[in-house]
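Input: a single structure, listed below in structure tokens.
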Amino acid sequence: MREFGGFIDGMGLVDLPLLGRRYTWFHPSGRAISRIDRVLVSLKWLQCWGQSSLWILPRDVSDHCPLLLKRNGYDWGPKPFRFNNAWLEHKDFNKLVEEVWRGINEVGWMGFILKEKLKGLKVLLKAWHKVEFGGGEKRIAELIEDIKDLDIRGELVGLSEQARQSKFTDGTQVGDVWLESPLLIRDAVVNYFEVLFSSIQRRRPLLNGVQFPLLSEAENLLLARPFSDSEISYVVRISDGNKSPGPNGFNFAFLKNCWDTIKGEVRIMFDQFHGNASLPMSFLSYFVALIPKKTRKEVVVFKVDFVKAYDSVDWGFLEYMLRRFGFCDKWIDWLRACVFVGSMSILANGSPTREIDIQRGLMQGDPLASFLFLSVAEGFGGVMRRVVELDLFKGFMVGRNGFVVSHLQYAGDTLCIGEASSQNLWTLKAILRGFEMASGLKINFSKSCLLGVNVTEEFLDIGCSFLNCKRGEVPFKYLGLPVGANPRRLITWEPLLEQV
Numbered sequence: 084m085r086e087f088g089g090f091i092d093g094m095g096l097v098d099l100p101l102l103g104r105r106y107t108w109f110h111p112s113g114r115a116i117s118r119i120d121r122v123l124v125s126l127k128w129l130q131c132w133g134q135s136s137l138w139i140l141p142r143d144v145s146d147h148c149p150l151l152l153k154r155n156g157y158d159w160g161p162k163p164f165r166f167n168n169a170w171l172e173h174k175d176f177n178k179l180v181e182e183v184w185r186g187i188n189e190v191g192w193m194g195f196i197l198k199e200k201l202k203g204l205k206v207l208l209k210a211w212h213k214v215e216f217g218g219g220e221k222r223i224a225e226l227i228e229d230i231k232d233l234d235i236r237g238e239l240v241g242l243s244e245q246a247r248q249s250k251f252t253d254g255t256q257v258g259d260v261w262l263e264s265p266l267l268i269r270d271a272v273v274n275y276f277e278v279l280f281s282s283i284q285r286r287r288p289l290l291n292g293v294q295f296p297l298l299s300e301a302e303n304l305l306l307a308r309p310f311s312d313s314e315i316s317y318v319v320r321i322s323d324g325n326k327s328p329g330p331n332g333f334n335f336a337f338l339k340n341c342w343d344t345i346k347g348e349v350r351i352m353f354d355q356f357h358g359n360a361s362l363p364m365s366f367l368s369y370f371v372a373l374i375p376k377k378t379r380k381e382v383v384v385f386k387v388d389f390v391k392a393y394d395s396v397d398w399g400f401l402e403y404m405l406r407r408f409g410f411c412d413k414w415i416d417w418l419r420a421c422v423f424v425g426s427m428s429i430l431a432n433g434s435p436t437r438e439i440d441i442q443r444g445l446m447q448g449d450p451l452a453s454f455l456f457l458s459v460a461e462g463f464g465g466v467m468r469r470v471v472e473l474d475l476f477k478g479f480m481v482g483r484n485g486f487v488v489s490h491l492q493y494a495g496d497t498l499c500i501g502e503a504s505s506q507n508l509w510t511l512k513a514i515l516r517g518f519e520m521a522s523g524l525k526i527n528f529s530k531s532c533l534l535g536v537n538v539t540e541e542f543l544d545i546g547c548s549f550l551n552c553k554r555g556e557v558p559f560k561y562l563g564l565p566v567g568a569n570p571r572r573l574i575t576w577e578p579l580l581e582q583v
């Protein structure tokens, strides 16, 4: 312990004193107790956050007591409703849901009726939980108190009654201003995301000279056909039960369990959506919780880093790309109703802020988001193919048949590959800037990197300075795998094997 104390002093750390108890670990037999668990902070942390209090909380089944680094008693607001999967095990749950569901009689279009029924069910479930499960929570609290009493009796020295109270200021820094109150912090968070998801209406350049693959009429008919019962049921069945499709708190475990009760209304809503391409605004809200092998040829690789790629997608450019791919008007209308509208709230310490209108971006976690982003990214792929056709960019030639690779793309992971020439660098900078203006996707040149194979140090230094990017090294990671590493070594494939 003396060496450990010297280590703490040498690192300039502070071992926060414990309050409420003396020891944090208890042997299951009760023959040994110790203060094993600690919280170490730096002097800079203390200057930033002020004095804090470290409390030992009662333990339950563990032999360690949890530690609570307490900041303040600010009220951050109410917490949103969350469906409790334990309710599904109650023998009366399904009967209760069916009675409430059938007892709520609303009129209007089915999207509105579904929203109101879920709202009414949520209110009743909160009250039902207190009646049916309140006793269980009380019993758990009593058991924890019993364990706490036994632990205290086992401590060698009694607790000090001198509770040192510390004023703790909870806050965050915005620019040069330190914010402390929850109201100011919540406003600062909301303002940040309002700017992030706002869109300035401007006339963007189009990619009219670039060719893209087109959907056939038969494929459009297949996309726009009426939804079937089997399709809707299949999506519900394969969805993760713990995921919630919206901020109402009802997850897919609830939908699966109560599908026979609610599927009639859901089916009608889908039929109406097929015709009017409209959904309730409450359904569109959500919470935010803050390669070349060894070769003698000279090759450069530019690894592109997009700034908040999914959040920055311009909806106008996305619609433009979908039309360039030949998607029919009905399918695009559905997409506009589901994606090109919505609001979000930020969970500040678990409590939602006021809603923010979303004007751009794709919601991460949305099953459609990855496919839609690929449609946007294909705009860049089309531009790359066009500049190769015009001989403005010379890609890397693979094999004896002269197959040329100019870029690799998977969602937001993009590599531009070509000969080490000044013309290639000029073309890259021009098309990246042009694509940024057209799509709204900003390129973070300072985080992007330029790599070279058989390229002189001088050329790489000039290229990094010209593109205002950092210099990368080979091997580098792309899609989780090291590119340029020895394929005969097991360590090269370990990241892939770990995922299998």
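The sequence shown runs 84 to 583 under our numbering.
A virtual CB, placed ideally from N, CA and C, is assigned to each residue, including glycine.
Remember, predicted model here, so these are calculated numbers, not experimental data.
In the displayed model, ALA431 falls within a strand according to three-state DSSP. For the options PRO296, ARG114 and ILE187, the alpha carbon positioned closest to that of GLY462 is the one of PRO296.
If you look at GLN492, you'll find it in the beta strand (DSSP E) that goes 490-493. Taking all protein chains in view, the Cβ of SER112 is surrounded by fewer than 16 other Cβ atoms within 10 Å, so the residue is classified as exposed. The DSSP-derived three-state label of THR497 is strand. If you draw a straight line from the Cα of LEU266 to the Cα of PRO435, it is about 12 Å long. In this structure ARG437 does not touch VAL293 by the C-beta definition: roughly 41 Å separates them, more than the 8 Å allowed. Residue pairing for ILE526: DSSP places it in a beta bridge opposite PHE389.
Per DSSP, the continuous beta strand (DSSP E) segment holding SER136 begins and ends at 136-139. Per the DSSP secondary-structure output, ILE116 pairs in a beta bridge with PHE109. Here the alpha carbons of GLU302 and LYS198 stand approximately 33 Å from one another. Rounded to the nearest angstrom, the gap between the Cα atoms of ARG104 and ARG185 is 53 Å. Here DSSP, grouped into helix, strand and coil, assigns GLU199 to helix. Closest by C-alpha distance to THR539, out of ARG554, TRP414 and PHE353, is ARG554. Between the C-alpha atoms of VAL471 and ILE514 there is a straight-line separation of about 12 Å. In the three-state scheme derived from DSSP, where H, G and I count as helix and E and B as strand, LEU123 is classed as strand. In the structure shown, the three-state DSSP call for LEU304 is helix.
When the alpha-carbon of TYR317 is set against those of LYS162, PHE335 and LEU304, the nearest one is in PHE335.
Put simply, the segment 345-361 does not touch the segment 500-519. Fewer than three CB pairs are less than 8 Å apart.
Looking at the DSSP output, ASP440 shares a beta bridge with SER426. A direct Cα-Cα distance of roughly 27 Å separates VAL384 from MET404. Close CB contacts of GLN492 within its chain, under the 6 Å cut and outside five residues either way in sequence, are with ALA460 and GLY464 (chain order). Judged by DSSP secondary structure, GLY347 falls within the alpha helix (DSSP H) whose first and last residues are 342-359. The beta-carbon separation of TRP108 and ASP98, rounded to 16 Å, does not stay under the 8 Å limit for a contact. Using a Cβ distance threshold of 8 Å, GLY535 and PHE542 count as a contacting pair. Per DSSP, reduced to three states, the secondary structure at MET480 is strand.
DSSP, reduced to helix, strand and coil, places ASP270 within a helical segment of the structure shown. Bounds of any beta strand (DSSP E) do not take in LYS380, whose DSSP letter is neither H nor E.
Measuring C-alpha to C-alpha distances from LEU498 to each of LYS386, PRO100 and LYS560 identifies LYS386 as the nearest. Scanning its chain for C-beta atoms nearer than 7 Å, with the 5 sequence neighbours on each side dropped, one finds around ALA452 the residues TYR393, LEU445 and MET446, in chain order.
Straight-line spacing of the CA atoms in LYS391 and LYS525 works out to 8 Å. By DSSP's assignment, GLY535 forms a beta bridge with VAL383. Here GLU502 carries a strand assignment [DSSP, helix/strand/coil]. When DSSP states are grouped into helix, strand and coil, VAL566 belongs to the strand group. In the displayed model, LEU298 falls within coil according to three-state DSSP, outside both helix and strand. When beta bridges are read from the DSSP output, ASP98 appears opposite LEU123.
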